[in-house]
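Have a look at the structure below before the remarks.
In the working numbering, the protein residues as written are 33 to 218.
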(Lines of atoms letter the chains of each structure in order from A; the text may use other names.)
(Lines give C-alpha, C1' and ligand atoms only; values in the text may rest on other atoms or scores of the structure.)
Protein backbone atom coordinates (compact mmCIF):
# COMPACT_ATOMS: atom_id res chain seq x y z
CA UNK A 33 0.00 0.00 0.00
CA UNK A 34 1.46 3.32 -1.12
CA UNK A 35 0.60 6.19 1.23
CA UNK A 36 -0.60 9.19 -0.77
CA UNK A 37 -1.62 12.63 0.49
CA UNK A 38 -4.67 14.45 -0.83
CA UNK A 39 -3.92 17.30 -3.23
CA UNK A 40 -5.98 19.85 -1.25
CA UNK A 41 -8.32 21.57 -3.72
CA UNK A 42 -8.15 25.36 -3.28
CA UNK A 43 -10.77 26.63 -0.83
CA UNK A 44 -13.58 28.44 -2.63
CA UNK A 45 -13.44 26.14 -5.68
CA UNK A 46 -16.89 25.35 -7.05
CA UNK A 47 -17.79 21.65 -6.94
CA UNK A 48 -17.54 20.11 -10.42
CA UNK A 49 -20.89 18.73 -11.56
CA UNK A 50 -21.39 15.04 -12.26
CA UNK A 51 -23.93 12.33 -12.91
CA UNK A 52 -22.85 8.83 -11.93
CA UNK A 53 -24.24 5.34 -11.38
CA UNK A 54 -25.47 4.79 -7.82
CA UNK A 55 -24.63 1.13 -7.27
CA UNK A 56 -27.44 0.16 -4.87
CA UNK A 57 -30.37 1.63 -6.80
CA UNK A 58 -28.83 1.27 -10.26
CA UNK A 59 -29.88 4.85 -11.06
CA UNK A 60 -27.77 7.66 -12.46
CA UNK A 61 -27.66 10.44 -9.86
CA UNK A 62 -26.32 13.98 -10.18
CA UNK A 63 -24.63 16.32 -7.76
CA UNK A 64 -27.58 18.72 -8.02
CA UNK A 65 -29.97 15.94 -6.94
CA UNK A 66 -27.75 14.81 -4.04
CA UNK A 67 -26.42 18.07 -2.61
CA UNK A 68 -27.50 18.99 0.89
CA UNK A 69 -29.58 21.97 1.95
CA UNK A 70 -26.74 23.37 4.09
CA UNK A 71 -23.61 21.46 3.02
CA UNK A 72 -22.36 18.55 0.94
CA UNK A 73 -19.66 16.08 1.92
CA UNK A 74 -18.08 14.24 -1.00
CA UNK A 75 -15.92 11.26 -0.07
CA UNK A 76 -13.68 9.42 -2.53
CA UNK A 77 -13.47 5.90 -1.13
CA UNK A 78 -13.28 2.32 -2.39
CA UNK A 79 -13.83 -1.20 -1.09
CA UNK A 80 -10.33 -2.66 -0.86
CA UNK A 81 -8.14 0.10 0.61
CA UNK A 82 -7.00 -0.58 4.21
CA UNK A 83 -7.27 3.15 5.02
CA UNK A 84 -10.93 3.14 3.94
CA UNK A 85 -11.66 -0.16 5.71
CA UNK A 86 -10.24 1.44 8.85
CA UNK A 87 -12.81 4.29 8.74
CA UNK A 88 -15.92 2.54 7.42
CA UNK A 89 -17.53 2.45 10.87
CA UNK A 90 -17.18 6.24 11.17
CA UNK A 91 -18.60 6.77 7.67
CA UNK A 92 -21.70 4.81 8.71
CA UNK A 93 -22.02 7.02 11.82
CA UNK A 94 -21.71 10.20 9.75
CA UNK A 95 -24.42 8.88 7.42
CA UNK A 96 -26.81 8.39 10.31
CA UNK A 97 -26.36 11.90 11.75
CA UNK A 98 -25.63 14.57 9.17
CA UNK A 99 -28.29 14.03 6.48
CA UNK A 100 -30.93 14.90 9.13
CA UNK A 101 -29.05 18.19 9.60
CA UNK A 102 -29.27 19.09 5.90
CA UNK A 103 -25.87 17.73 4.85
CA UNK A 104 -25.71 15.65 1.69
CA UNK A 105 -23.23 12.78 1.92
CA UNK A 106 -21.92 11.27 -1.30
CA UNK A 107 -19.36 8.48 -1.63
CA UNK A 108 -17.58 7.92 -4.96
CA UNK A 109 -15.29 5.09 -6.04
CA UNK A 110 -13.05 5.85 -9.02
CA UNK A 111 -10.64 2.91 -8.97
CA UNK A 112 -9.74 0.82 -12.03
CA UNK A 113 -11.96 -2.25 -11.54
CA UNK A 114 -10.13 -4.28 -14.17
CA UNK A 115 -7.04 -4.29 -11.95
CA UNK A 116 -8.96 -4.07 -8.63
CA UNK A 117 -12.13 -6.19 -9.03
CA UNK A 118 -13.00 -5.80 -5.31
CA UNK A 119 -13.98 -2.23 -6.26
CA UNK A 120 -16.47 -3.26 -8.99
CA UNK A 121 -20.00 -1.82 -8.88
CA UNK A 122 -21.36 -5.25 -7.91
CA UNK A 123 -18.98 -5.45 -4.94
CA UNK A 124 -19.62 -1.80 -4.06
CA UNK A 125 -23.34 -2.61 -3.81
CA UNK A 126 -22.69 -5.62 -1.57
CA UNK A 127 -20.46 -3.56 0.73
CA UNK A 128 -22.89 -0.63 0.92
CA UNK A 129 -25.75 -2.95 1.85
CA UNK A 130 -23.65 -4.98 4.30
CA UNK A 131 -22.34 -1.93 6.15
CA UNK A 132 -25.63 -0.02 5.95
CA UNK A 133 -24.39 3.06 4.11
CA UNK A 134 -27.18 5.65 4.43
CA UNK A 135 -25.71 7.67 1.59
CA UNK A 136 -25.30 7.06 -2.13
CA UNK A 137 -22.23 5.12 -3.27
CA UNK A 138 -21.40 6.17 -6.83
CA UNK A 139 -19.18 4.57 -9.44
CA UNK A 140 -16.91 6.89 -11.46
CA UNK A 141 -16.16 4.45 -14.30
CA UNK A 142 -14.14 6.80 -16.52
CA UNK A 143 -12.44 8.46 -13.52
CA UNK A 144 -13.37 11.90 -14.81
CA UNK A 145 -14.99 12.97 -11.54
CA UNK A 146 -11.93 12.07 -9.45
CA UNK A 147 -9.80 14.03 -11.92
CA UNK A 148 -12.17 17.02 -11.85
CA UNK A 149 -11.96 17.15 -8.04
CA UNK A 150 -8.23 16.53 -7.95
CA UNK A 151 -8.83 13.48 -5.76
CA UNK A 152 -5.62 11.54 -5.30
CA UNK A 153 -6.20 9.03 -2.53
CA UNK A 154 -8.77 6.92 -0.77
CA UNK A 155 -10.15 8.29 1.40
CA UNK A 156 -10.24 11.88 0.16
CA UNK A 157 -12.82 14.28 1.66
CA UNK A 158 -14.34 17.53 0.38
CA UNK A 159 -16.99 19.69 2.08
CA UNK A 160 -18.93 22.27 0.09
CA UNK A 161 -21.26 24.97 1.37
CA UNK A 162 -24.86 25.37 0.17
CA UNK A 163 -23.55 27.26 -2.88
CA UNK A 164 -21.20 24.31 -3.61
CA UNK A 165 -18.00 26.25 -2.82
CA UNK A 166 -15.24 24.23 -1.17
CA UNK A 167 -14.87 25.07 2.52
CA UNK A 168 -12.94 21.98 3.65
CA UNK A 169 -10.69 19.39 2.06
CA UNK A 170 -8.58 17.00 3.99
CA UNK A 171 -8.63 14.21 6.53
CA UNK A 172 -11.42 12.57 8.50
CA UNK A 173 -9.27 12.59 11.65
CA UNK A 174 -5.78 11.62 12.84
CA UNK A 175 -6.52 7.88 13.07
CA UNK A 176 -4.71 5.59 10.63
CA UNK A 177 -4.43 1.81 10.43
CA UNK A 178 -2.01 0.75 13.14
CA UNK A 179 -1.34 4.14 14.78
CA UNK A 180 -3.56 3.41 17.83
CA UNK A 181 -5.32 6.80 17.63
CA UNK A 182 -9.05 6.20 18.16
CA UNK A 183 -11.34 6.78 15.19
CA UNK A 184 -13.54 9.84 15.82
CA UNK A 185 -14.16 11.73 12.58
CA UNK A 186 -13.04 14.81 14.54
CA UNK A 187 -11.81 16.97 11.64
CA UNK A 188 -14.86 16.35 9.42
CA UNK A 189 -17.28 16.69 12.35
CA UNK A 190 -15.66 19.95 13.48
CA UNK A 191 -15.94 21.42 9.97
CA UNK A 192 -19.53 20.26 9.46
CA UNK A 193 -20.63 21.44 12.90
CA UNK A 194 -19.02 24.85 12.30
CA UNK A 195 -20.89 25.17 9.02
CA UNK A 196 -24.20 24.14 10.54
CA UNK A 197 -23.83 26.62 13.41
CA UNK A 198 -22.78 29.47 11.10
CA UNK A 199 -19.21 29.61 12.35
CA UNK A 200 -16.09 29.95 10.24
CA UNK A 201 -14.16 26.80 9.37
CA UNK A 202 -10.47 26.90 10.19
CA UNK A 203 -8.56 27.14 6.91
CA UNK A 204 -5.59 25.26 8.41
CA UNK A 205 -6.57 21.77 7.31
CA UNK A 206 -4.57 18.53 7.25
CA UNK A 207 -4.47 16.51 4.03
CA UNK A 208 -6.03 13.10 3.99
CA UNK A 209 -3.69 10.11 3.76
CA UNK A 210 -4.55 6.88 2.04
CA UNK A 211 -3.89 4.60 -0.88
CA UNK A 212 -3.48 6.27 -4.24
CA UNK A 213 -6.48 6.14 -6.56
CA UNK A 214 -5.93 3.24 -8.93
CA UNK A 215 -5.80 5.02 -12.27
CA UNK A 216 -6.49 3.16 -15.48
CA UNK A 217 -3.44 2.57 -17.64
CA UNK A 218 -3.90 3.95 -21.14
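Using N, Cα and C, we set each Cβ at its ideal position, and we do this for glycine too.
Span separating the alpha-carbon of residue i from that of residue j
{"i": "residue 138", "j": "residue 105", "result": "11 Å"}
{"i": "residue 46", "j": "residue 120", "result": "29 Å"}
{"i": "residue 84", "j": "residue 177", "result": "9 Å"}
{"i": "residue 38", "j": "residue 142", "result": "20 Å"}
{"i": "residue 162", "j": "residue 64", "result": "11 Å"}
{"i": "residue 145", "j": "residue 76", "result": "10 Å"}
{"i": "residue 203", "j": "residue 151", "result": "19 Å"}
{"i": "residue 192", "j": "residue 135", "result": "16 Å"}
{"i": "residue 96", "j": "residue 128", "result": "14 Å"}
Chain-order list of residues whose beta-carbon lies under 6 Å from that of residue i (same chain, five-residue window excluded)
{"i": "residue 58", "result": "none"}
{"i": "residue 62", "result": "51"}
{"i": "residue 18", "result": "Only positions 33 to 218 of the chain appear in the structure, and residue 18 is not among them; the question remains open."}
In DSSP terms, what residue i is bridged to
{"i": "residue 54", "result": "138"}
{"i": "residue 60", "result": "53"}
{"i": "residue 45", "result": "None; residue 45 has no bridge partner."}
For residue i, the nearest candidate out of the options (CA to CA)
{"i": "residue 40", "options": "149, 64, 97", "result": "149"}
{"i": "residue 56", "options": "215, 199, 122", "result": "122"}
Own chain partners of residue i with C-beta closer than 7 Å, once the 5 adjacent residues on each side are dropped
{"i": "residue 187", "result": "170, 171, 172, 173, 206"}
{"i": "residue 124", "result": "55, 79, 109, 137, 139"}
{"i": "residue 155", "result": "75, 76, 77, 83, 84, 87, 172, 208, 210"}
{"i": "residue 194", "result": "200, 201"}
Chain-order list of residues whose beta-carbon lies under 8 Å from that of residue i (same chain, five-residue window excluded)
{"i": "residue 196", "result": "70, 71, 101, 102, 103"}
{"i": "residue 182", "result": "175"}
{"i": "residue 184", "result": "90, 173, 175"}
Within the region 154-183, ranges of the alpha helix (DSSP H) (whole runs, at least 4 residues)
none
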